[in-house]
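Right, one structure below, let's go through it.
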Amino acid sequence: ESAHVAFDPDNPRYTYAGCYLGLIEEFDTVSRTSRSVKAYEELGLGVPASEQKYRFNWNAPIHVSAHDPSVIYHGAQVLLKSSDRGFSWTEASPDLTRDEIDKQGFGSGPYTNENIEIYNTIFVVEESPHDANVIWAGSDDGLVHVTRDGGANWEDVTPRGVDRALINSIDVSPHDPAVAYVVAMKYKSGDNAPYVYRTENYGSSWRRITDGL
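Residues 1456 to 1668 (our numbering) make up the sequence shown, in order.
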């Protein structure tokens, strides 16, 4: 219903699509069959977010690796990784959100009281086109992290001024592996200003590039 669709553009036989609460399925375009590849087969309806094994945004990111199409990433509060088309999953990161227990109740506020709208989640995952070991993650509560060793170590590289903005997208330059762009949104707090940042050193420093927007 709501989340990302991902596939190998060179051989799009297997397509992955998701929905709220971490629902994710693989669709085989040859056999015309689908199967659930959810990392933990729990549908958390009526369960406080704090009691669920994984917290998924309604629009949880799904990414098929450009370096190895059998590798799939799915963002919860941790980055989940499968190397066998979703038959098994491992956690490729620690919690990359603010992990605030007071915002993980039945309604998972602070912006909504709908039970399936969960906060403190990863909202965007971006794998470097240059190096499969470089992965970026942005959360709905304003954090940006990057790993340069395939998930063994993660660094908080959140741009100054992001505060609690939703990290909407991250793009790595196709020309320079150290260059990345981050777009953040604060409209849920009544702030409609543009927040776009550029780094030239894997997030060690950032420059806001919104002049003229």
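We put the beta carbon where it would ideally sit given N, CA and C, even for glycine. Values in this document were obtained by computation on a predicted structure and should not be read as measured data.
Reduced DSSP category for residue i - H, G, I as helix; E, B as strand; rest coil
{"i": "D1483", "result": "strand"}
{"i": "I1573", "result": "coil"}
{"i": "E1496", "result": "coil"}
{"i": "K1641", "result": "strand"}
{"i": "I1517", "result": "strand"}
{"i": "E1555", "result": "coil"}
Option in the options with minimal Cα separation from residue i
{"i": "A1515", "options": "Y1574, F1542, D1483 and P1503", "result": "Y1574"}
{"i": "W1661", "options": "P1649, A1635, L1668 and A1648", "result": "A1635"}
{"i": "Y1650", "options": "N1656, S1644 and M1640", "result": "M1640"}
{"i": "V1627", "options": "A1461, Y1657, K1493 and E1610", "result": "Y1657"}
{"i": "E1481", "options": "R1510, G1541 and H1529", "result": "G1541"}
{"i": "K1508", "options": "H1630, E1581 and L1534", "result": "L1534"}
{"i": "K1493", "options": "G1605, A1531 and G1645", "result": "A1531"}
{"i": "L1621", "options": "A1633, T1602, G1597 and P1629", "result": "G1597"}
{"i": "L1551", "options": "G1606, E1506, I1571 and S1525", "result": "G1606"}
{"i": "Y1652", "options": "D1463, T1470, N1466 and R1615", "result": "R1615"}
{"i": "V1599", "options": "A1587, D1586 and D1618", "result": "D1618"}
{"i": "S1489", "options": "Y1471, A1592, G1501 and D1595", "result": "Y1471"}
{"i": "D1611", "options": "L1478, V1502, W1591 and W1513", "result": "W1591"}
{"i": "S1594", "options": "V1637, D1539 and P1524", "result": "V1637"}
Endpoints, beta strand (DSSP E) assigned at residue i
{"i": "N1401", "result": "Any question about residue 1401 goes unanswered here, given that the chain covers just 1456 to 1668."}
{"i": "G1473", "result": "Y1469 to G1473"}
{"i": "I1625", "result": "L1621 to V1627"}
{"i": "A1461", "result": "V1460 to F1462"}
{"i": "V1599", "result": "V1599 to T1602"}
{"i": "Y1528", "result": "I1527 to G1530"}
{"i": "T1488", "result": "T1488 to S1491"}
{"i": "W1591", "result": "I1590 to S1594"}
For residue i, the residue or residues it bridges with in DSSP
{"i": "E1546", "result": "L1535"}
{"i": "D1646", "result": "K1641"}
{"i": "R1653", "result": "Y1636 and R1662"}
{"i": "E1582", "result": "I1590"}
Give a yes or no on contact between the region 1517 to 1525 and the region 1494 to 1509, applying the rule of three or more CB pairs nearer than 8 Å. No: the two stretches stay apart, fewer than three of their Cβ pairs being nearer than 8 Å.
Inter-stretch contact at 8 Å, needing at least 3 Cβ pairs: the region 1544 to 1554 / the region 1475 to 1490: Here the region 1544 to 1554 makes no contact with the region 1475 to 1490; the two share fewer than three CB pairs at distances below 8 Å.
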